[in-house]
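Whatever position you read off the sequence shown (first residue = 1), add 4 for this note's numbering. All C-beta atoms, glycine included, are put in the ideal place defined by N, C-alpha and C.
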Amino acid sequence: MEAKEFGRLAYIKLSLSDEQALQFASDHNAKIYKLKSTFTGLEEDRKIDASNELNNLRLKSNESANDYIAGARGIATKCHSLGLDVSPR
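As structure tokens, then:
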């Protein structure tokens, strides 16, 4: 195995949970499509959840403006990291 491929494999293993790593450990020739098919749905779910969080963001009666803004920025950062376009209204 080339050093470049080993680095990619190590990166993939770091992003997997222990259970998922064990699932793929038995298959030495795990192809990228196996990983993509497993994780594509999870990424889409995260995008939907983050988008819903942003759409449902409301100022609570006991929440300060600073806390509200911090929460909104956190959700916007999450959306941006998932590749969702977030623009201020």
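First and last residue of the uninterrupted alpha helix (DSSP H) at residue i
| i | result |
| --- | --- |
| Ser85 | Ala69 to Ser85 |
Short Cβ contact (7 Å threshold) for residue i with residue j
| i | j | result |
| --- | --- | --- |
| Tyr72 | Leu63 | yes |
| Ala76 | Val90 | no |
| Lys38 | Leu86 | no |
Contact set for residue i: own chain, Cβ-Cβ below 8 Å, skip 5 residues either direction
| i | result |
| --- | --- |
| Ala54 | Ile79, Lys82, Cys83, Leu86 and Leu88 |
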